[in-house]
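Take 1 as the starting number for the sequence shown in the UniProt record's numbering and just add one per residue.
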Amino acid sequence: MTSTSGHSYVSNLFAPFGSWLADRVAPPNDEPRYLAYGSAGHTFAFSQEKYVGKIFHDLNSLARELKVMERADDCVVDVIGRLYATDNQKVRGIVMPCETVIDPPSLSKDERKRLVLELRDLALRFHRKGLVHGDIKPANLLRCSPGSQLRFCDFETSSLLGDGFVTPLYSTAYSTTRRVQEDVPSARTLADDYHALGMSMWEIYVGTNDFWVEDVYADLEEDATKVGWRPDLSRVDDPDVARLIGQYLDMGSTLTDVTDNNDEDVFTRCVCVEKTYALRDFRADPPHLATTKHMCLMCKKASRDLCPYLHRDPSIHKTDPSMSLCTICEEKVRVFSTGDEAPETWHYDRIYRIATKANPIAAVSNERKQTIRCKGWVHDLGGPERMQFHCQAPDIQGWVRVSPT
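The following block contains the structure:
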């Protein structure tokens, strides 16, 4: 393929060399200008600063980051090629265009305010796609062509909501108190991103990064972050920006404490979510489905029906006890007891399927002692003389027919 604009990164990862727009062989160690080192790999600029490459230590890390970037689409820097070992056979990393890192101190106050609002909108779009960045900070923001769009970079700590990915890495100055103090690393949540957004917005608007100044006050401020103290909002002279920063810091701290790192709860407080559920007590395979919408607090407060940041969960959930019973697969229940007279009661032109048992279940007739090997749901209501069968609709493939004698 000549372009990756379709963002089919993962499926095309091992296409032949030259299939991507900017496939390159990894440069010699003395050529590139190294930009960052991480646990998954290292990043560098090469080809006279035309490209940025990232070489990964293993293919699993490469595939995971590409999966995030593919989902994030226009929220992240483009991937335009792959980095190969010198034999042109083994994929070692990715190639990206060399974009512009933001520099808040060089911007005017109006430009810094616009950048804060752009960051807010970028994060909302990113989260709407069901993603957590995990390391939001000004150093991970790029101005990308065309159009000088603001986009994220560096996805070593990023993940899909609820995928359980865990990394011990974090940037202390932008992390929640819980993240810094936890003994065992846990999966990133949207609360982590909200707190980092508040800290980053403050840093952008103020126009300085106090955390990297080599003096005792920088150390004190970083220590204050560890114990939950906030940056000095009195230095933000725009009330709207100050209020926005405070809201994100509130969401970061409050949601972390309340939800116990539950991504789903954090997400649905701020973004409406549509979910697809299997109807309760379904019998069909695949199950019959229903879609529900969980309204976020923001929409409830604004009394709006359409959420601008609606997220459609692609998963099918089967554990909601409040979901309606499946009327399409209404159970056909037969109760067998000693009072049954007609032997035909035991002979069904029905089809049953095992749902919870690995082996066929013997149902014993009080009259004939006949064994019916039934693949289906069986409840013991007081011994073999009284069994209850929950039957299936007869139109599902893979069932076995029980013939009368």
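Note that the Cβ used here is the ideal one computed from N, Cα and C, for glycine as well.
Identity of the residues DSSP links to residue i by a beta bridge
i	result
residue 406	Nothing can be reported for residue 406: it is not among the residues displayed for the chain, which extend from 1 to 405.
H42	Y37 and I55
T291	T276
L150	R143
R112	DSSP output for R112 lists no bridge partner at all.
residue 406	The requested residue 406 does not occur in the structure, where the chain is confined to residues 1 to 405.
V76	F152
V132	S159
Supposed close pair residue i, residue j - CB separation, criterion 8 Å
i	j	result
A191	T176	6 Å
S159	V10	Going by Cβ atoms, the distance from S159 to V10 rounds to 15 Å, so no, they are not a contact pair.
A63	L131	16 Å between Cβ atoms; not a contact.
L249	R230	6 Å
V95	A22	5 Å
V25	T86	6 Å
L169	S39	6 Å
Y205	V241	5 Å
V166	P185	5 Å
H127	D193	7 Å
L119	L141	7 Å
Buried versus exposed, by CB contacts within 10 Å (16 or more), residue i
i	result
E274	exposed
D78	buried
A123	buried
M201	buried
D349	In this predicted model, D349 has a pLDDT of only 32, less than 50, meaning its place in the structure is not dependable enough to derive any value.
P16	exposed
V76	buried
E203	buried
K137	buried
E111	exposed
G252	buried
L306	exposed
A72	buried
A302	exposed
P105	exposed
DSSP three-state assignment for residue i, whether helix, strand or coil
i	result
A15	coil
E118	helix
H127	helix
C272	coil
S159	strand
T100	strand
V206	helix
R243	helix
V68	helix
R24	strand
P168	coil
K137	coil
A63	helix
Residue-chain proximity (residue i, chain E), Cβ-Cβ < 9 Å
i	result
I80	As a matter of chain content, chain E is missing from the structure shown, which is built from one protein chain.
* Asked: Three or more beta-carbon pairs under 8 Å between the region 36-55 and the region 148-163, yes or no?
  -> Look at the beta carbons and you see the region 36-55 touching the region 148-163: at least three pairs across the two are nearer than 8 Å.
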